[in-house]
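FYI, the numbering for the sequence shown is 15 to 270, going by the numbering used here.
Ideal Cβ positions, reconstructed from N, Cα and C, are used throughout, including at glycine.
Worksheet for the structure shown next.
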Amino acid sequence: MKKVKIELNKHLDIPYLLYYLENSKNCPLVIMGHGFNNDKYEGSDIAIKLASKEVCVLSFDLYKQGERYDGFLDKVKSDAEFGYTLFNIIKKSNEDLLKLIDFFKQDDKVDASKIGMLGFSLGANLCFYSFANNKDLKFAVPILGSPDFTNLLIYSMEKENESDFKTQEEIKLLEFIKGIDPYDNLVQNENRHLFIINGTKDDDVPSRFSENFYQEIKKRYDLNDSKVELLITDDNHYVSNEMKDNAIEWIINNIL
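Here is the structure:
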């Protein structure tokens, strides 16, 4: 019986874990993004299960997370500064993702035509952002994320609308978020396989952002004979076993 191998290494300055079945060749690659203030070990149970089915899984420490944490939280002085830092992690982590994809496309364990992404919370937001900006990704499974960065920011900052951003710091933050928001790009152009998972009781990232997005894109997906699915579970901001099991099953059924 083949064993699941786990490789701990770095590419450039990016620490990563690679999960794969020994002697495997030309397998799909799932790149996994962890949640805020977490690290590359999050989701290891999912990674091992996928690897046992001959799906390679790559998990890496996002920008300023895990081994790369530099104490930035101790220096944050305002909600606006925290918001900027959080979304900048997404932007910078996508740059790391591009480097990792270029590197692992050359690995004979990986089928470069079947690279996708799975993420939790912050990593799910990275999923949406990277999916909108990288055609090397052929599928995505964002769990507990939002494709609508602008409205998520308004909600998180406890504002009613954009006009409530009054200070220069808040206005600068709003402009930054609107500049990287993947929502319109995804709504107008997307037709790759997408499985979105959220929880009805999630007060951190309300499911309505994903539900509204799903309604916007579903008709075009149907016309293109592509697969988009939405699962809303009875959970708060927590990756439940139901979410994990459905994500694994979806990847195995649709990507292998």
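Handout entry: Coarse secondary structure for THR99, derived from DSSP in three states
Key = helix
Exercise for the section: Spell out the partners DSSP gives LYS24 in its beta bridges. Expected result: PRO29
Practice task
Locate the alpha helix (DSSP H) running through LEU237, then write down its first and last residues.
Solution key: 222-237
Practice task
Reducing DSSP to helix, strand and coil, say where ASN148 ends up.
Solution key: coil
Problem - Where PHE117 sits in the DSSP three-state scheme - result: helix
Practice task
Could you tell me the boundaries of the beta strand (DSSP E) in which VAL242 lies?
Solution key: 242-247
Exercise for the section: Would you mind reading off the limits of the beta strand (DSSP E) that contains ASP125? Expected result: 124-134
Practice task
Would you be able to state if there are at least three C-beta pairs under 8 angstroms between the segment 89-108 and the segment 56-72?
Solution key: no
Practice task
Could you tell me whether the Cβ atoms of LEU244 and ILE210 are closer together than 8 angstroms?
Solution key: yes
Practice task
Could you check the C-alpha separation between GLU225 and MET15 for me, to the nearest Å?
Solution key: 42 angstroms
Practice task
Please determine, among ILE231, GLU184, LYS63 and ASP216, the residue with the shortest C-alpha to C-alpha distance to ASN199.
Solution key: ILE231
Practice task
Taking 8 angstroms as the cut-off, decide whether the C-beta atoms of LEU26 and LYS113 are in contact.
Solution key: yes
Exercise for the section: Mind reading off the beta-carbon distance from LYS123 to ILE262? Whole number of angstroms is fine, and I expect it under 8 angstroms. Expected result: So it is not a contact: roughly 19 angstroms between Cβ atoms.
Exercise for the section: Give every residue of the same chain whose Cβ lies closer than 6 angstroms to the Cβ of PHE163, excluding the five residues on either side of it in the sequence, and list them in chain order. Expected result: ILE191 and ASP195
Exercise for the section: Measure the C-alpha to C-alpha separation of ILE185 and ASN212 and round it to an integer number of angstroms. Expected result: 29 angstroms
Handout entry: Member of GLY47, ASN108, GLN79 and GLY57 whose CA lies at the smallest distance from the CA of LYS149
Key = ASN108
Handout entry: Length at least 4, wholly inside the segment 32-94: the alpha helix (DSSP H) runs in chain order
Key = 58-66
Problem - Candidates LYS105, GLU36, LEU158 and TYR77: closest to VAL71 by CA position - result: GLU36
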